[in-house]
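Student:
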Amino acid sequence: AITRIRMPETGAFFKVGGPIWLGPLHDMNVVKQALQPLSSKENKSEMVLATKERLRGLLTTVSEELNDVPLFYTLPDICQVLGCRTPPMQQFRAALQNAGYRVSGYHKDPHAVKTDAPNSVIWDIMRVWCQTNKPVGLSKKKQRRMEKRRQKRKKEDNKCKKGNALETNDQEDLGEIAQQTAGQKILAVSPSIEVDFTPTHSKKRDI
4 AITRIRMPET GAFFKVGGPI WLGPLHDMNV VKQALQPLSS KENKSEMVLA TKERLRGLLT
64 TVSEELNDVP LFYTLPDICQ VLGCRTPPMQ QFRAALQNAG YRVSGYHKDP HAVKTDAPNS
124 VIWDIMRVWC QTNKPVGLSK KKQRRMEKRR QKRKKEDNKC KKGNALETND QEDLGEIAQQ
184 TAGQKILAVS PSIEVDFTPT HSKKRDI
């Protein structure tokens with residue numbers, strides 16, 4: 004049987020999915036070879052590409068992408084969980100870099116980032132962001148939707164209790180966990196790191 008594990012940030016159970024490709028997505032040698040004629044001003048090829056600029060932009064993004072990081076975070080989705088305003092991408096990426104982690108864009112989504120920072124650092128950055136950008140309250144529609152999810156989760160948990168699939172310690176906090184949104188649980192924890200949203204180039208200018 005698969006052991007059910009709770010997420011440390013929210014207390015909800017992890018959902019198991021797959022399969023997933025964990026290797027590099029791109030052959031960087033091929034990317035560089037494809038990018039070279041598109042970037043060269045001395046290219047005298049007779050072939051004219053109407054999408055040249057778009058191709059160059061795409062391949063440039065791919066060439067700068069972290070090739071050893073398989074997954075990505077979508078910033079609007081993170082902010083939707085917390086109910087807060089989305090921080091500027093430049094500041095979010097700067098916070099990751101200033102914390103000592105690598106970060107890049109993702110070629111399929113301009114609102115996504117790839118980083119080697121753990122989930123705990125991502126949430127700490129957002130906790131600090133929410134200190135000055137307070138989350139807004141849930142709309143009535145979202146409240147009704149969440150209530151339906153709570154009822155569904157309660158039924159599932161009751162089934163698990165009958166089958167003895169939950170440990171006693173897990174059962175104790177179910178009532179309290181169901182009363183809070185995921186965003187509220189995340190923001191209830193204090194940040195464990197110092198967060199600096201200042202872009203690197205701004206720091207160089209100040210020196």
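Here the sequence shown stands for residues 4 to 210, where the numbers follow our numbering. Ideal Cβ positions, reconstructed from N, Cα and C, are used throughout, including at glycine. The structure displayed is predicted, hence computed values, not measured ones.
(1) Evaluate contact between the region 72-89 and the region 50-60, counting only Cβ atoms and requiring at least three cross-stretch pairs below 8 Å.
(2) Over what stretch of residues does the alpha helix (DSSP H) that includes A97 continue unbroken?
(3) Which word fits T118, buried or exposed, when buried means at least 16 other C-beta atoms lie within 10 angstroms of its C-beta?
(4) Would A120 pass as a contact of Y109 if the rule is Cβ separation under 7 Å?
(5) Reducing DSSP to helix, strand and coil, say where R153 ends up.
(6) Please classify A191: does DSSP put it in a helix, a strand, or coil?
(7) In three-state terms, what does DSSP make of V51?
(8) Restricting to Cα atoms, I'd like to know which of V33, Q94, P90, S107 is closest to E68.
(9) Go ahead and pull the three-state DSSP assignment for V106.
(10) What is the rounded straight-line gap between the Cα of R57 and the Cα of R88?
(11) Buried or exposed: which applies to D127, given that a residue is buried once 16 or more other Cβ atoms fall within 10 Å of its Cβ?
(12) Note down, in chain order, each residue of its chain lying with its Cβ closer than 8 Å to the Cβ of F16, except the 5 sequence neighbours on either side.
(13) What residue range is occupied by the uninterrupted beta strand (DSSP E) comprising A120?
(14) Cα separation between M92 and A98?
(15) Using only CA atoms, which one of T63, M31, G21 lies nearest to L74?
(16) Taking the alpha helix (DSSP H) that P79 falls in, what are its first and last residues?
(17) The alpha helix (DSSP H) with N32 in it runs from where to where?
Tutor: The relevant details are as follows:
(1) In short, these stretches do not touch, since the Cβ pair count stays below three.
(2) Counting along the chain, the alpha helix (DSSP H) containing A97 begins and ends at 92-101.
(3) buried
(4) It is not a contact, given that the beta carbons lie outside the stated cut-off.
(5) helix
(6) In this structure, A191 counts as coil in the three-state DSSP scheme.
(7) coil
(8) S107
(9) strand
(10) 30 Å
(11) buried
(12) R7, I8, R9, M10
(13) First-last for A120: undefined, no H or E at that position.
(14) 10 Å
(15) G21
(16) Per DSSP, P79 belongs to the alpha helix (DSSP H) from 78-85.
(17) Here the alpha helix (DSSP H) through N32 covers 31-42.
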